[in-house]
Amino acid sequence: MNTSSNNCFPFIFPGNVYSSVSDVSSVSQDSQQSVESVPLPAALLQQLTPFSSSFRVAHINAQSLLSHHAYLLATFGNRTFHAILVSETWLKPSLPDVVVSIPGYNLVRNDRLHSGAGGVGIYLRDGIDFSVLICSDGNAARKIEYLLVEVRYCNKKLILGVVYRPPEIVYSEDLESLLSTFLPHFDDVIIMGDFNAHAGFEPAIS
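So, in C-alpha cells, the structure goes:
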C-alpha cells in the first residue's frame, strides 16, 4: 500500500510529539478521576496545540480494533496525528480494512495468523508517502510482532515502527539487530509499542 503527495509537511526534526494512549485502571482513584475529567480527544488537542507544526505520532494497545473502532473514531477522527501505531489489533486477513477504517488515514497491517489476539498496525494520514520495509512473520508463534514502514517527507526518510511483545515471550535482540541494518540509511527512527516491560519485574528487558 502506498500513497504520495507533492506537499512538503510543515515539520522538521527535532520537535516531534509522541503520545501513548492507555487505560487508567491501575492508577489511584483520585488520579483516575482527574484524568477522566476531560474527554480524551479534547485532552489530546489541548496538549498538542503548541505543536501544531510538528509530526505527531500516537500509540495505542487496542485489544481488538473491531471492538474498539468507535473509540478510535472518537479519539483520532479529527486527524490530529500524522500516524497512529496500534498493538494488539486482533485482526485476521479475512477482515477487510474498511470495517476498522479511520477517515483520512491509510491502514497498514501485520495480522497474527496462527492464533487469536496479537497483531500490529499503523494508520498513516492521507498524503503521507510511505512503503512497508519489513514485518514479522504472522505465522511464527511465540515471537515479537512488529511492522516497520519507511516514511518520506521533505527529502528525508524516517523509519516508523510498531511492536507488540506478548507477555510470555522472552525478549530477544533480533529486532535490535534488524534495526541496526536500517539505521545508517535513515534520518530519524520512531519505534513505539507494547513491550510488556514492567519496571522491577523484568530487569533484563530495556
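Those letters in the sequence shown? Residues 17 to 222, by this note's numbering. Cβ atoms here follow ideal geometry from the backbone N, Cα and C, with glycine treated the same way. Source: prediction; values computed, not measured.
Inter-residue CB distance, residue i and residue j (contact presumed, cutoff 8 Å)
i, j, result
"residue 103", "residue 187", "Going by Cβ atoms, the distance from residue 103 to residue 187 rounds to 15 Å, so no, they are not a contact pair."
"residue 203", "residue 174", "6 Å"
Alpha-carbon to alpha-carbon, residue j and residue i
i, j, result
"residue 66", "residue 123", "27 Å"
"residue 105", "residue 79", "6 Å"
"residue 113", "residue 139", "11 Å"
"residue 133", "residue 172", "35 Å"
"residue 210", "residue 75", "9 Å"
"residue 93", "residue 148", "24 Å"
"residue 169", "residue 130", "36 Å"
"residue 98", "residue 141", "5 Å"
"residue 120", "residue 205", "24 Å"
"residue 88", "residue 100", "10 Å"
"residue 176", "residue 213", "20 Å"
Within 8 Å, strictly: CB atoms of residue i and residue j
i, j, result
"residue 161", "residue 126", "yes"
"residue 96", "residue 128", "no"
"residue 136", "residue 82", "no"
Check: residue i C-beta below 7 Å from any heavy atom of the ligand NAD
i, result
"residue 161", "Absent from the structure shown: the ligand NAD. Ligands present: none."
Burial state of residue i (16 or more Cβ within 10 Å)
i, result
"residue 91", "buried"
"residue 272", "Here the chain comprises residues numbered 17 to 222, so residue 272 is not present and cannot be evaluated."
Original post:
Which ranges does the beta strand (DSSP E) cover as unbroken runs of at least 3 residues, wholly within the region 82 to 159, from first to last along the chain?
Top reply: 99 to 103, 121 to 126, 136 to 141 and 145 to 151
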